[in-house]
Amino acid sequence: MDFIINYWYIFLIIIALISVGGYMIYNFIKMPSGEQFKKVREWLLYAVAKAEKELGGGTGQMKLRYVYDMFITKFSYLSKVISFEMFSKLVDEALDEFKEMLEDNKNINDYINGDN
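See the structure below:
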């Protein structure tokens, strides 16, 4: 009992973190499936850009693994539902969109290629 009395604030912090996490998951789950999928696709675009910046060109499989590891961390519950093959197709779509962005936007291109 002394342990609980001495460290009550730790229990309060843990309860608060669990509550906030549960609320965020609840809000995501109650979104219509189309919106959920749109958010995941937007996040994938960010993850592909980050992988490109971090690992550079010619490292396709490493970038895919890097993005997949980020995905598992961010969307652990979806990683149990989405197969790696489907995830790979989603990454390919995000990569196509990212390549278009690189061609159309010089600032993004400069940032990714280190010319900033």
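Numbering of the sequence shown is given in our numbering, commencing with residue 200 and proceeding in unit increments.
From the three backbone atoms N, C-alpha and C, an ideal C-beta is built for every residue, glycine too.
Given the structure is predicted, the values throughout are model-derived calculations rather than measurements.
Secondary structure in the region 288-314: the alpha helix (DSSP H) runs of 4 residues or longer, each lying completely within the stretch, are 305-311 in chain order.
Assigned with DSSP and collapsed to three states, V239 falls in helix. G220 is the residue among N306, M261, D303 and G220 whose C-alpha sits nearest the C-alpha of K273. Nearest C-alpha to I307 among F210, M200, A215 and A248: A248. Between the C-alpha atoms of K298 and I228 there is a straight-line separation of about 30 Å. Relative to the Cα of M300, the nearest Cα in the group L211, R264 and Y245 belongs to Y245. In the structure shown, I214 falls within a helical segment according to DSSP collapsed to helix, strand and coil.
Burial check for V266: the Cβ neighbour count within 10 Å reaches 16 or more, so the residue is buried. Closest in alpha carbon position to L294, among S278, I224, R264 and E251, is E251.
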